[in-house]
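Protein chains in written order, with our numbering: chain A, 1 to 401; chain B, 402 to 784. Note that the Cβ used here is the ideal one computed from N, Cα and C, for glycine as well.
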């Protein structure tokens with residue numbers, strides 16, 4: 001038995017394939033949009049994964065350190081270390097800023113990591129080149145998305161940092177690549193004012209007669225020194241010992257240290273539910289609009305294709321072809337179009353859109369399967385209008401004008 | 402003819418469809434979460450490791466002399482400027498003596514007056530002595546009364562007492578004068594040692610309180626670096642170790658030095674150990690005090706042991722270990738880490754042997770179920 005749909009496609013296959021490719025580009029954009037949404041959620045998750053912490057200890061009553069500013073005294077970790085069930089504590093600071101390299105600058109999140117070994121919470125969990133930081137100052141590990149290379153010298157505030165390692169997929173919740181530097185440098189970077197501001201602040205202090213007394217010559221120096229130190233960090237990352245429940249340890253820190261503590265799931269809720277909620281909704285909205293537009297276009301294409309061969313359908317009817325056969329032909333063509341569209345869409349989304357898109361695009365296989373089902377469903381549904389038009393056609397048209 | 406047309410059309414169709422499908426399958430399997438993770442592999446090799454410590458510090462002078470008056474006063478003149486070399490004993494400046502010179506002159510006169518009084522007392526005593534002597538003789542031949550002799554004896558005693566009082570007066574006047582002269586000299590600001598003028602805090606005419614520095618001298622030979630090391634990374638820091646010093650203003654130049662002393666008191670607030678590092682030879686062109694310096698201290702080299710790059714160290718559950726490749730499969734091997742150097746080499750005490758293959762870099766975090774794909778260089782990294 002010959003396939004009517006196959007014969008018809010073969011008849012004008014170039015047109016058919018091109019229509020499929022065009023549809024594919026549209027599906028590709030839709031898939032990418034879904035990928036962008038998944039990427040945003042994934043950005044938030046890798047941020048938590050990469051810090052490798054079980055608990056986040058932050059300033060009391062804040063949603064820090066990612067969603068709100070938070071500051072703790074840098075020695076708070078000592079008292080947390082003594083709590084039962086705590087295996088490791090490490091201070092960490094986060095600061096989003098422009099990192100300069102010669103004339104170029106890159107928006108990056110500066111992460112200050114506590115001194116220790118590569119397994120300390122907050123350190124980049126894996127590298128793609130170079131090595132982890134070994135010196136306690138002026139070394140950096142950068143995400144490859146910053147465009148920096150090994151051996152580059154970065155300028156953060158007034159210090160120069162040598163890039164000793166590269167990592168991948170270390171991003172802030174906003175998708176900015178991370179640059180890891182030693183904690184003490186990061187604290188300084190967070191606080192350090194430009195030199196003019198420092199001079200001005202010194203002059204102000206000098207002009208204050210309370211601090212600049214002739215009778216006590218050392219007082220002014222002491223006051224100025226006390227003004228230029230930053231004994232704060234943004235959060236303490238806690239890893240708990242095996243056998244303890246995160247919630248129990250969190251509760252005891254909350255109760256006895258009077259600090260706010262988040263567990264992994266709470267942190268995820270904050271990031272996904274609060275921090276990226278608006279932008280996620282925005283992307284979701286686009287996704288819905290794109291899907292509706294795609295569906296409309298698919299319906300329109302199939303309708304036009306069918307109308308284009310309405311005379312042939314009339315002839316088929318004239319020679320006594322059953323309605324079912326004609327309907328099957330149209331549905332098969334629609335599905336074939338959908339399949340070509342999906343294949344092209346998937347390829348363009350993966351090979352062309354994801355790599356060049358400035359933000360991370362995560363194309364999940366399950367999303368693709370779902371996308372495929374939806375595309376086929378839309379094709380089948382939209383062929384209904386075309387079928388109705390085809391069945392309504394009068395066989396007499398085949399011979400008539 | 403028609404059949405051939407159809408066939409060529411089918412062929413053309415296949416030419417388009419088959420690569421498209423192939424690309425689709427490739428895309429589905431080779432990208433996204435299903436794709437194998439690109440990793441690079443290194444083999445564990447035994448090699449010696451030279452651990453080193455890295456700290457930063459500031460240039461400081463071991464000996465700083467703050468020179469100022471011991472009493473409140475006004476600076477009269479100050480000869481030296483910042484940067485000048487001075488010798489021990491050199492007069493750097495002077496405080497305003499106000500009335501001290503006049504008082505020295507007055508004391509001079511008092512001294513001379515006391516000397517004159519002394520001469521008078523000597524004369525009186527000599528006269529009283531001769532008188533007493535004469536009357537003693539007269540009394541011996543009974544040509545004068547006993548009363549007169551007694552009077553003369555008493556006069557002699559009084560004259561002697563007056564003489565010793567006059568002597569003491571002279572001594573007092575002299576000491577007073579000398580005391581004033583010393584005080585006068587004390588107003589001079591004198592360099593206690595050879596050095597360089599580092600600070601000139603007051604200019605002539607300025608009133609300063611007692612003990613306030615007018616000039617600060619530093620001994621350029623005694624420059625050292627007050628270095629701070631993170632406590633967590635400072636094991637092995639000891640006196641006498643050799644050190645490489647890089648000054649912030651001369652980052653292309655490495656100066657040699659050694660650890661002079663490890664401070665017995667660590668900084669509890671910053672969680673750092675403090676040490677003093679001295680230059681083997683103080684640079685010709687003196688680094689300014691307060692300049693930042695990076696110091697690398699070499700520890701003694703350790704014997705060869707299996708070494709891995711620090712990028713390979715991972716944590717899985719509660720264990721520290723590495724991803725080892727055994728027969729093409731990924732396995733997490735817990736290890737015990739030993740010493741490490743600043744270039745990122747870490748010695749393994751337990752858990753790996755020479756020739757073992759471990760994952761050094763990976764495209765993403767690995768798990769036991771990760772499919773891996775060994776490459777020379779992770780995609781995206783410029784060689």
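Check your understanding: Helix, strand or coil: how does DSSP classify residue 77 (chain A) here?
Key -> For the purposes of this step, residue 77 (chain A) is taken as residue 77 along the first chain, with counting starting at 1. Reduced to three states, the DSSP call for residue 77 (chain A) is helix.
Practice item. Compare the C-beta of residue 52 (chain A) against all C-beta atoms of chain B and say whether one is closer than 9 Å. Key: For the purposes of this step, residue 52 (chain A) is taken as residue 52 along the first chain, with counting starting at 1. Contact with chain B is found for residue 52 (chain A), since one of that chain's Cβ atoms lies less than 9 Å from the residue's Cβ.
**Study point:** Beta-carbon proximity list for residue 309 (chain A), same chain, < 8 Å, skipping 5 on both sides
**Key:** Walking along the first chain from the start, residue 309 (chain A) turns up at place 309. Cβ within range, chain order: 8.
**Study point:** Per DSSP, cross-strand counterpart(s) of residue 785 (chain B)
**Key:** Coverage of chain B is limited to positions 402 through 784, which leaves residue 785 (chain B) absent and any answer about it impossible.
Point to revise | Interfacial residues, the segment 452-484 of chain B to chain A, with Cβ spacing under 8 Å | key: 455, 456, 457
Review point. So with Cβ pairs under 9 Å, would you call residue 345 (chain B) a contact of chain A?
Key: Residue 345 (chain B) lies beyond the residue range present for chain B, which begins at 402 and ends at 784; the question has no answer from this structure.
Check your understanding: Exposed or buried, which one is residue 622 (chain B) when buried takes at least 16 other CB atoms within 10 Å?
Key -> Residue mapping note: residue 622 (chain B) aligns to position 221 of the second chain, counting from 1. Exposed, by the Cβ-count rule.
Review point. So what does DSSP say about residue 123 (chain A), is it helix, strand or coil?
Key: As a working mapping, residue 123 (chain A) is identified with position 123 in the first chain. In this structure, residue 123 (chain A) counts as coil in the three-state DSSP scheme.
Exercise for review: Let me know the secondary structure DSSP gives residue 159 (chain A) once reduced to three states.
Suggested key: The sequence position of residue 159 (chain A) within the first chain is 159, counting from 1. Residue state, collapsed to three classes: strand.
Review point. Are the Cβ atoms of residue 440 (chain B) and residue 763 (chain B) separated by less than 9 Å?
Key: Counting from one through the second chain, the residue named residue 440 (chain B) turns up at place 39. Counting from one through the second chain, the residue named residue 763 (chain B) turns up at place 362. Contact flag set, yes.
Review point. In whole angstroms, what separates the C-alpha of residue 65 (chain A) from that of residue 95 (chain A)?
Key: Here the question's residue 65 (chain A) lines up with position 65 in the first chain. Here the question's residue 95 (chain A) lines up with position 95 in the first chain. Distance between the alpha carbons of residue 65 (chain A) and residue 95 (chain A) is about 10 Å.
Review point. Assuming residue 210 (chain A) and residue 156 (chain A) make a contact with CB atoms under 8 Å, what is their CB distance in whole Å?
Key: Translated into positions along the first chain, residue 210 (chain A) becomes position 210. Translated into positions along the first chain, residue 156 (chain A) becomes position 156. So it is not a contact: roughly 35 Å between Cβ atoms.
**Study point:** residue 362 (chain A) in three-state terms, based on DSSP
**Key:** Start at 1 with the first residue of the first chain, and residue 362 (chain A) comes out as number 362. In the structure shown, residue 362 (chain A) sits in coil (DSSP, three-state: anything other than H, G, I, E or B).
Check your understanding: Beta-carbon of residue 700 (chain B) versus every beta-carbon of chain A: anything under 9 Å?
Key -> For the purposes of this step, residue 700 (chain B) is identified with residue 299 of the second chain, where counting begins at 1. No, residue 700 (chain B) lies away from the interface with chain A (no Cβ there is under 9 Å from its Cβ).
Practice item. For residue 498 (chain B), decide whether its Cβ has a neighbour in chain A, counting only Cβ atoms nearer than 9 Å. Key: Walking along the second chain from the start, residue 498 (chain B) turns up at place 97. It does not; no Cβ of chain A falls within 9 Å.
Review point. Relative to the C-alpha of residue 592 (chain B), which residue among B:480, B:746, B:732 is closest?
Key: Numbered from its first residue, the second chain carries residue 592 (chain B) at position 191. The option with the nearest alpha carbon to residue 592 (chain B) is B:480.
Review point. Between the Cα of residue 465 (chain A) and the Cα atoms of A:57, A:140, A:345, which residue gives the shortest distance?
Key: Past the edges of chain A, shown from 1 to 401, lies residue 465 (chain A), and the structure says nothing about it.
**Study point:** Proximity test, Cβ basis, 9 Å: residue 226 (chain A) and chain B
**Key:** As a position in the first chain, residue 226 (chain A) is number 226, starting the count at 1. No, because no Cβ of chain B sits closer than 9 Å to the Cβ of residue 226 (chain A).
Practice item. Under 7 Å between beta-carbons, which chain B residues line up against residue 334 (chain A)? List them in chain order, please. Key: Position 334 of the first chain, counted from the first residue, corresponds to residue 334 (chain A). Those do not exist, as residue 334 (chain A) stays about 17 Å from chain B at its closest Cβ, beyond 7 Å.
**Study point:** Environment of residue 195 (chain A) [buried if 16+ CB atoms lie within 10 Å]
**Key:** Sequence index remark: in the first chain, residue 195 (chain A) carries index 195 (1-based). Exposed, since its Cβ has fewer than 16 Cβ neighbours within 10 Å.
Exercise for review: Taking residue 16 (chain A) as part of the alpha helix (DSSP H), name the residues at either end of that continuous run.
Suggested key: Stepping through the first chain from its first residue, residue 16 (chain A) is reached at position 16. 13-51 is the span of the alpha helix (DSSP H), which, as asked, contains residue 16 (chain A).
**Study point:** Those residues which DSSP pairs with residue 403 (chain A) across a bridge
**Key:** With chain A represented from 1 up to 401, any question about residue 403 (chain A) goes unanswered, as that position is not in the structure.
Practice item. Note down, in chain order, each residue of its chain lying with its Cβ closer than 7 Å to the Cβ of residue 240 (chain A), except the 5 sequence neighbours on either side. Key: For the purposes of this step, residue 240 (chain A) is identified with residue 240 of the first chain, where counting begins at 1. Same-chain partners within the cutoff: 54, 55, 85, 86, 87, 246, 249.
Practice item. Would you mind stating whether residue 632 (chain B) and residue 674 (chain B) have Cβ atoms separated by less than 9 Å? Key: Numbered from 1 along the second chain, position 231 holds the residue referred to as residue 632 (chain B). Numbered from 1 along the second chain, position 273 holds the residue referred to as residue 674 (chain B). For residue 632 (chain B) and residue 674 (chain B), yes; Cβs fall inside 9 Å.
Point to revise | chain B residues whose Cβ lies nearer than 7 Å to that of residue 149 (chain A) | key: Reading the first chain from its first residue, position 149 is the one you call residue 149 (chain A). The answer, in chain order, is 783.
**Study point:** Uninterrupted alpha helix (DSSP H) stretches inside the segment 273-350 of chain A (no shorter than 4 residues)
**Key:** 277-308, 310-318, 323-348
Point to revise | For residue 35 (chain A) and residue 349 (chain A), believed in contact at Cβ under 8 Å, the rounded distance | key: Here residue 349 (chain A) refers to the residue found at position 349 of the first chain. Here residue 35 (chain A) refers to the residue found at position 35 of the first chain. Between residue 35 (chain A) and residue 349 (chain A) the Cβ distance is about 7 Å, and since that is below 8 Å, they are a contact.
Review point. Is it a yes or a no for the segment 178-187 of chain A touching the segment 211-219 of chain A, going by three-plus beta-carbon pairs under 8 Å?
Key: no
Review point. Taking just the CA atoms, how far does residue 134 (chain A) sit from residue 742 (chain B)?
Key: Mapped onto the second chain, residue 742 (chain B) falls at position 341. Mapped onto the first chain, residue 134 (chain A) falls at position 134. Whole-angstrom Cα-Cα distance: 8 Å.
Review point. How about residue 718 (chain B): is its C-beta nearer than 9 Å to some C-beta of chain A?
Key: Working through the second chain from its first residue, we reach residue 718 (chain B) at position 317. Yes, its Cβ sits closer than 9 Å to a Cβ of chain A.
Review point. What is the residue span of the beta strand (DSSP E) that residue 656 (chain B) lies within?
Key: Counting from 1 along the second chain, the entry for residue 656 (chain B) is found at position 255. Note, residue 656 (chain B): beta strand (DSSP E), 656-663.
Practice item. Drop a sphere of 10 angstroms on the beta-carbon of residue 770 (chain B), count the other beta-carbons inside from all chains shown, and report buried for 16 or more, exposed for fewer. Key: For this step, residue 770 (chain B) is matched to residue 369 along the second chain. With fewer than 16 other Cβ atoms within 10 Å, it is exposed.
Check your understanding: Is the number of C-beta pairs between the segment 705-718 of chain B and the segment 688-695 of chain B that are closer than 8 Å three or more?
Key -> no
Check your understanding: How would you label residue 283 (chain A), buried or exposed, when you count the other beta carbons within 10 angstroms and need 16 or more for buried?
Key -> Taking the first residue of the first chain as 1, we reach residue 283 (chain A) at position 283. With 16 or more other Cβ atoms within 10 Å, it is buried.
Check your understanding: Who does residue 496 (chain B) pair with in a DSSP beta bridge?
Key -> Here residue 496 (chain B) refers to the residue found at position 95 of the second chain. Paired residues: B:476.
Review point. Does any C-beta atom of chain E lie closer than 9 Å to the C-beta of residue 118 (chain A)?
Key: No chain E appears in this structure, whose protein chains are A and B.
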